[in-house]
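Before any comments, here is the structure.
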Amino acid sequence: MSPIIQRKAAPVHGCPRPDGEPAGSGDRAMAPPPEVVEEIFRRFAERNPHPDTELKYTNPYTLLVAVVLSAQATDKGVNKATEKLFKVADTPEKMVALGVDGIKRYINTIGLYNSKAKNIYELSKILIERYGGRVPADREALESLPGVGRKTANVVLNTAFGQDTIAVDT
Numbered sequence: 115m116s117p118i119i120q121r122k123a124a125p126v127h128g129c130p131r132p133d134g135e136p137a138g139s140g141d142r143a144m145a146p147p148p149e150v151v152e153e154i155f156r157r158f159a160e161r162n163p164h165p166d167t168e169l170k171y172t173n174p175y176t177l178l179v180a181v182v183l184s185a186q187a188t189d190k191g192v193n194k195a196t197e198k199l200f201k202v203a204d205t206p207e208k209m210v211a212l213g214v215d216g217i218k219r220y221i222n223t224i225g226l227y228n229s230k231a232k233n234i235y236e237l238s239k240i241l242i243e244r245y246g247g248r249v250p251a252d253r254e255a256l257e258s259l260p261g262v263g264r265k266t267a268n269v270v271l272n273t274a275f276g277q278d279t280i281a282v283d284t
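Here the working numbering is used: the first residue of the sequence shown is 115, the next is one more, and so on.
Here it is as structure tokens:
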């Protein structure tokens with residue numbers, strides 16, 4: 115079977131390309147053609163038609179909170195904390211009612227819990243104010259929330275909303 119993408123050697127930064135132009139970081143960021151991307155996603159869907167996460171969640175909101183908590187933490191540790199947290203706060207409204215200190219009491223076993231509690235509180239307020247308490251199915255809207263970056267947005271978009279995204283966990 116031939117590979118989908120035939121790779122050339124990565125350019126050495128600052129060395130000229132074969133066409134005489136200087137190589138630069140832009141050379142590495144070239145996206146494959148749309149048909150190649152579609153084929154990659156087709157193969158992923160064929161092998162794993164219902165991708166999921168190890169994180170435990172009950173709705174798009176609890177998934178979002180769990181993924182925010184998972185940064186620099188294990189899924190096992192997050193699941194242990196969210197099992198209790200989500201029994202009392204599984205909506206943005208309930209999370210805001212807990213307040214930052216209340217959230218901290220449930221997640222204090224997770225690294226960076228002080229900043230994560232603030233982010234969860236703030237993103238919950240924003241979800242209520244801007245989105246009627248619902249998690250948006252839009253990358254830009256998700257990434258505008260405190261504590262939400264590209265990976266978190268991709269996990270939520272793929273897992274909760276079935277969008278074709280890839281989350282890379284490093």
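Ideal Cβ positions, reconstructed from N, Cα and C, are used throughout, including at glycine. Note that the structure is a prediction, hence the values are computed from the model and not measured.
Kindly indicate the opening and closing residues of the alpha helix (DSSP H) around residue i.
i           : result
residue 215 : 206 to 221
residue 295 : An answer regarding residue 295 cannot be provided, because it is not within the stretch 115 to 284 covered by the chain.
residue 278 : It is not in any alpha helix (DSSP H) - residue 278 carries neither H nor E in the DSSP assignment.
residue 174 : 174 to 183
residue 254 : 253 to 257
Would you kindly check if the distance between the Cβ of residue j and the Cβ of residue i is under 8 Å?
i           : j           : result
residue 269 : residue 237 : no
residue 230 : residue 221 : yes
residue 192 : residue 178 : no
residue 195 : residue 176 : no
residue 204 : residue 167 : no
residue 245 : residue 210 : no
residue 206 : residue 233 : no
residue 218 : residue 227 : yes
residue 200 : residue 278 : no
Helix, strand or coil for residue i per DSSP?
i           : result
residue 248 : coil
residue 243 : helix
residue 197 : helix
residue 271 : helix
residue 234 : helix
residue 188 : coil
residue 104 : The displayed coordinates of the chain run from 115 to 284. Any statement about residue 104 would go beyond what the structure contains.
residue 335 : Given a span of 115 to 284 for the chain in the structure shown, any question on residue 335 remains unanswerable.
residue 128 : With a pLDDT of 47 at residue 128, under the threshold of 50, the predicted position of this residue should be treated as unreliable, though the coordinate-derived value follows. Looking at residue 128 - three-state DSSP - the assignment turns out to be coil, as it is neither helix nor strand.
residue 118 : Legend: pLDDT at residue 118 = 44, less than 50; position of this residue unreliable, no value from coordinates given.
Is the region 236 to 253 touching the region 147 to 159, taking contact as three or more C-beta pairs under 8 Å? no
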